[in-house]
Amino acid sequence: MTLLPHGLGQRLAAIVGDRYTRLRPGELAVYGQDGLPAEPSPPGAVVLPGSREEVIAVVKLLHEAGVPWVARGAGTGLSGGAVASSDSVIIGLTRLTRILDLSVGSRRAVVEPGVVNARLSAYTIPHGLVYAPDPSSQTACTLGGNVAENAGGPHCLKYGVTTNHILALEVVLPDGSVVQLGSPSGDAWGPDLVGLFVGSEGMFGIATRITLRLVPVPEAVRTYLADFGSVRAASESVSAIVATGVIPAALEMMDQACVRAVEASIYAAGYPIDAAAVLIVELDGSREGVAADSDVVAPLLAAHGARQLRVADDPAERARLWQGRKKAFGAMGRIAPDLAVQDAVVPRSVLPDVLDRITVVGERHDLVVSNVFHAGDGNLHPNISFDRRDLRRTAQVHAALSEIMEACVAQGGSITGEHGVGADKRDYMPLVFNAASLDAMCRVRRVWDPLERANPGKVLPVNACREWRAGGVE
Amino acid sequence: MSGSEQLARQMDQALASCVHCGFCLPACPTYLATSDEADSPRGRIVLMRGLSAGTLSPDDAAVAQHLDACLGCRGCEPVCPSGVEYSKGLEAARAMLARRRGIPFVARMVLAVFRRKWLWRPIMAMTRMLRATGIPAQLAGSGRLGFMMGMVAASRESRVKSRELRVERQGKNSRLSTLNSQLFTGCVMQGLFSHVHDATRRALEQAGYNVQEVRGQGCCGALHLHAGDDEGARALARENLAAFRGTEGPIVVNSAGCGAMLKEYAHLVEDAEDFSARVRDISELVQPDPSQLSTLNSQLVAAYDAPCHLQHAQRIHAQPLAMLKSVPGLTLLVPPGSSQCCGSAGIYSLVEPGLSREVLAAKIAELAALEPRPDVVLTGNPGCLMQIGAGLRAAGLDIEVRHPIEMLD
Amino acid sequence: MSEPVLARLRALLGDAGVAAGIDGTPRAMPESTEDVAEVMQLAHAEGWKVRVEGQATWLGPDAPAQLALSTRALNRVISVSPEDLVATAQAGAPLDVLRRHLGEAGMWLPIDPPGRPERTLGSVLATATAGPLRLGFGFIRDQVVGLTVVTGDGQVVSAGGRVVKNVAGYDLAKLEIGGFGGFGIITEVNLRLRAVPRADLTMVASGSRDDLSAAARDIHDAGIGCAALELVSPTLAAESEWMLAARVTGTDGAVEADARRIAAVAARDWTALSSEKSAALWALIARGPVGPPVTLRLGVLPEGVDEMLDAVTRDLDEGLISAGPAGGGLRWSGEIDAERLRTMRRMLAAREIPLTLERGPWELRRDVGHFGAYREGVGALVSKLREVFDPGQQLSVALEAETA
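Residue numbers (the numbering used here), protein chains in the order written: chain A, 1 to 474; chain B, 475 to 883; chain C, 884 to 1287.
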């Protein structure tokens, strides 16, 4: 039940209207999760402002009422970052869907935070431009959420992640005041606060206007699909490609468990199920450039033991090659009601070793772990299908996930490449940051949000701040 | 096992594979209209799971409100990576709600009428008489009555046909009619769109089919099933199964909603597999040879609107487009929002008029902005024809609505 | 304070780690992050002002301080992993040394900031100065995957990591890059690398400024992905006319194709340079700005470049200028006093163009700040962030907001 101050619902409704104020249990239940399989946690209220002015008024009201809040886009995140507890209000930004400006010459657009990632590109492609970061959820996820999470995607190997594309932000701070950060040129009247804000997981404020960079739609795209007899051979071919200086637009790999899950599903893409690894290499650029790069890449794949090499130049055929990769999570979703998607990064050179280690961990817990990874940058997504209602299995899954994470960190990796820390990985933070770094993060957060009301309980582990530790918890 | 336990189990099975990824959100017309996750497929799945687990009560007004607000368009199903059987879950949830609180009055009246031929036939006849007076066309507008009148007016045989499309038939009955087929006539199609049935029969004959009349058939029951009246739907399904017993060859449907329902009879009643396997949308059977079609005497620009129950439920999209592309002189536009629901959704436009009109507004705005401006909107479902037709009239747009098969006539 | 200070520093760093500076300021030369932390803990405890010095080729060692902390001994290239496309280097590593290490491993850091070849990595990071390659490869912020800083009170804080993709924790590195030393002392950096491109071609054309500017935009609008496309003033290029320099990198076939397309899109008299000549040209463009005392950076969008070139040549002088008509940005170097700089800033602010003082003598930096006046609400954030990373105000920097 709601733990909000009496009468808050009416005061919220006075700002955004009854229709956009949600207070009944059923309506709160639907906001209890994002894309992460976790116990549902319904918020105390949900409010859907329809303009930046309403966002400001809502944040001011909550500031005055002393109520914590969580900004939420489409709720497609995979770290539990957009979930609130019952003493908090969810501020849904899905009604702020305007594309405010497009400047073709300077390749920039200004959008509201609720604009769906793929919708922006659909809008700009007729002008020859595209927004490069393309998380798998791009048909549903919002750009505001992308900014909060510093979202990546298969094509960020060549084009970079969200932070490389955000130039300026209008931010509503947790006290309801508004600051303008950055400038359309990417330069700023001050230090790079835009860069600091991107990836802050909704804890610094709400971006109500986002100025972002677009890139030209490539003239030509060519996709290769190769299968290998071992993960090591596939990894070595990736290294060989990268060493030539060719930066593919995407380099995606699936291991055998994943290939088999896909091929057993309705998304069967014709991948050979005896392959130890399937690799997708996508090249883009000018027509001649792609041809020239192909002359370098294709022989390398063959030389490193690619057993079959399929190639596609037109969109329909490329979509067929991508089908299995793009639907991999869905295919695994069909196996069991819950799917744990881990998100870790390791130096690319240790990928084969880490995969061996993951197999061992899986076997010890009697679990099948299948792996999908962005092979170019070592970002690895081990997946485990399970049923949350089976408590014993669930405990095994969590134990396995945590061992996998430790193995990745031990190899010099990171605990998250693109999903964010959120609620899910908060407790892993001390694996990669020392006490002083965590303390600095706590204090940076308080610069933006002195009362810690914006998305409380995320990213920073309990006890991360010095005064807590000084309080004798340590 | 009690009925509600059975429904709960049906819900659980249909919805079990949802991993709440949220990919369905942008495919949902009501979510696009309200931006509220409670009006999204994923949100409704949470509500349904709550109903089946008992954590949410069917008495909870919020639960009923958001499940009622679902169009049942099934736009979420093709985009779901996990293959959630959303509509099956929804049917069970609505049946559970209906058992608890009954079906709302307006809906109950409408469903009762379509259960009984002796009731809907005279009502349809009266509607046709009203339509013939020309009054509905005069009164068509954006108010509640005006919109209803617009719907009636939109069902009229097209004036484009008589005025602009003089079609000279070249090789009539070019092939021998050796294959038997039966036309499923339905209720509203039979009552208000008999001209579409005539065009369908001619197209089938052209394609080499002998079209048999089947007596004793009636409403398909889709309206009932989607409103939670699963018993009413079963009764109608059994009537139709009986009526078609003894026939063979394709059962041809020109209403997307009925087609989807007939193809899923097997999930509803016993011994329906063979029947369902024979059901075909008209566009699945008719692939005209352009040389056999006479050229339209004036260039016609047509916008195709995909009925949800054709594209999402039956996964039929390429066939009607291929059929229309073969019509000489027809410029075919497929706007990006073509696959979005128009808000008609059976009796939805009657029971949820506000949201229905909001969903429609996006479609009308897109059609109004199309370049070149279409002369006609083509869609293969009676509800969509009337809904879009009324919406165009309410917006003061001089654009006709017609069934695609009429383009071949 | 000199004798006791020196004694305590020697106790920390050994005799070789401490020297007396030219202006009499004691100079500490730590070799590791831990050394820097110890020095700063001492400085914090004693309340000393500290200025950080690199090779003193970009910003002079002129900020007032009781202690100079030189990164001269903090200069190792710790690792280069071609397999992982990552290198780790200490902040005092001179760029030319770093480049040599990378080159030996077949790796390349796609940055070409202005300054002398021995300018330190830390200097480039702290000032976020970017050269013509910003068009094709982004800014130095886009090449850093993680870094370590020592705060004003001697805490070791790390941000990011050693992998090329990472969203663990807040992105504190962004605050450090371009923070002009106000948020701690960068001691160690993990850089994202690329393989040395197989082909690297520079071609130049000369002519009138407006023509070349339009040609650059034509090339850009045609979607040709240049690594650099820089418009250079006659003085900076040491030529009689303005010069447009286009650089394309990639596989041989791709580079040849791009060169052909450039010539086709912008039909001019292009000269393709040999690799020696192109290296010399880019080095010349980089070195130019350190001649005069002041360097300014204008954050101008591509469509505003022509107007700003007019304004700069009119209000300042047509001296050492380089600009990106395709991707934006303009750099001017020359002599300017605080008053004219303020006037310039006001004019630019009205056009939403930030003006950053990249280089200049301490008096000028102190008077006008690197950034000038902050926008509403931002100044408060900046000073509170300064408190987090330098609670005792040990670091001698020019980040105070100008309120005049």
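For glycine and all other residues, C-beta sits at the position ideal for the given N, C-alpha and C.
Model, not experiment: these values are computed from the prediction.
Under 8 Å by Cβ, that's how I've got residue i and residue j pegged, so tell me the actual separation to the nearest angstrom.
i: A/Gly-376; j: A/Leu-225; result: Rounded, the Cβ-Cβ distance is 15 Å, inconsistent with contact.
What's the C-alpha gap between residue i and residue j?
i: A/Gln-342; j: A/Thr-394; result: 14 Å
i: B/Leu-784; j: B/Cys-492; result: 24 Å
i: B/Arg-643; j: B/Gln-793; result: With a pLDDT of 44 at B/Arg-643, under the threshold of 50, the modelled position of that residue is not reliable, and the figure given next carries that caveat. C-alpha separation (whole angstroms): 23 Å.
i: B/Pro-810; j: A/Val-30; result: 29 Å
i: A/Arg-320; j: A/Ala-269; result: 7 Å
i: A/Thr-162; j: A/Asn-150; result: 5 Å
i: C/Glu-1270; j: C/Leu-1240; result: 23 Å
i: B/Asp-755; j: B/Cys-815; result: 19 Å
i: C/Arg-1045; j: C/Glu-1122; result: 43 Å
i: B/Ala-751; j: B/Lys-737; result: 7 Å
i: B/Ile-838; j: B/Ile-519; result: 29 Å
i: A/Pro-216; j: A/Leu-309; result: 28 Å
i: B/Gly-820; j: A/Leu-380; result: 46 Å
i: C/Ala-1051; j: C/Val-960; result: 25 Å
i: C/Gly-1182; j: C/Phe-1272; result: 27 Å
i: A/Val-130; j: A/His-304; result: 34 Å
Give the residues of chain A in contact with residue i, contact being defined as C-beta atoms less than 9 Å apart.
i: B/His-671; result: Per Cβ cutoff of 9 Å: no residues; B/His-671 is ~36 Å from chain A at best.
i: B/His-540; result: Gly-26, Glu-27, Val-30
Who are the neighbours of residue i on chain A, taking C-beta pairs under 7 Å?
i: B/Glu-511; result: Val-30, Tyr-31, Gly-75
i: C/Leu-1268; result: Val-444, Val-447
i: C/Gly-1044; result: Ser-414, Val-432
Would you mind telling me which residues of chain A sit closer than 8 Å to residue i, beta carbon to beta carbon, in chain order?
i: B/Ala-490; result: Pro-337
i: B/Cys-782; result: Residues of chain A passing the Cβ test: none, with the nearest at roughly 18 Å.
i: C/Ser-964; result: Pro-347, Ser-349
i: B/Gly-524; result: Gly-26, Ala-29
i: C/Gln-1038; result: Ala-436, Asp-439, Ala-440
Along the chain, where does the beta strand (DSSP E) containing residue i start, and where does it finish?
i: A/His-381; result: 379–386
i: C/Glu-1071; result: 1068–1075
i: C/Arg-1289; result: In the structure as shown, chain C begins at 884 and stops at 1287. Residue 1289 of chain C is therefore absent and cannot be evaluated.
i: C/Ser-953; result: 950–953
i: A/Val-207; result: The sequence as given places Ala at residue 207 of chain A; Val does not occur at that position. Element bounds for A/Ala-207: 206–213.
i: C/Leu-1030; result: 1027–1033
Name, please, each residue of chain B whose Cβ falls closer than 7 Å to the Cβ of residue i.
i: A/Leu-48; result: Ser-509, Asp-510
i: A/Gly-330; result: Pro-555, Ser-556
i: A/Ala-140; result: Gly-496, Phe-497, Leu-499, Pro-500
Counting along the chain, where does the alpha helix (DSSP H) carrying residue i start and finish?
i: B/Val-775; result: Looking at the DSSP string, B/Val-775 is not in any alpha helix (DSSP H); the run it does join, the beta strand (DSSP E), is 774–778.
i: B/Asn-684; result: First-last for B/Asn-684: 683–686, but that is the beta strand (DSSP E), not the alpha helix (DSSP H).
i: A/Tyr-159; result: 156–159
i: B/Tyr-505; result: 503–508
i: A/Asp-295; result: 287–303
i: A/Pro-25; result: 25–29
Taking 7 Å as the limit between beta carbons, can you name the residues of its chain near residue i, skipping five residues before and five after?
i: A/Ile-166; result: Val-147, Val-194, Val-198, Ile-210, Leu-212
i: B/Arg-523; result: Leu-489
i: C/Gly-1262; result: Ala-1284
i: C/Gln-973; result: Leu-957, Asn-958, Arg-959, Ile-961, Thr-1070, Glu-1071
Using a C-beta to C-beta distance shorter than 9 Å, which residues of chain B count as neighbours of residue i?
i: A/Pro-37; result: Val-493, His-494
i: A/Arg-334; result: Ser-491, Pro-555, Ser-556, Gly-557
So, for residue i: in the same chain, excluding its five sequence neighbours on each side, which residues have a beta-carbon less than 6 Å away from its beta-carbon?
i: A/Arg-445; result: Met-203
i: A/His-63; result: Asp-175, Gly-176
i: B/Ala-536; result: none
What does residue i reach in chain C if we use C-beta pairs closer than 7 Å?
i: A/Ser-177; result: Gly-1260
Since residue i meets chain B, which of its residues come closer than 8 Å, beta carbon to beta carbon?
i: A/Ile-206; result: Those do not exist, as A/Ile-206 stays about 16 Å from chain B at its closest Cβ, beyond 8 Å.
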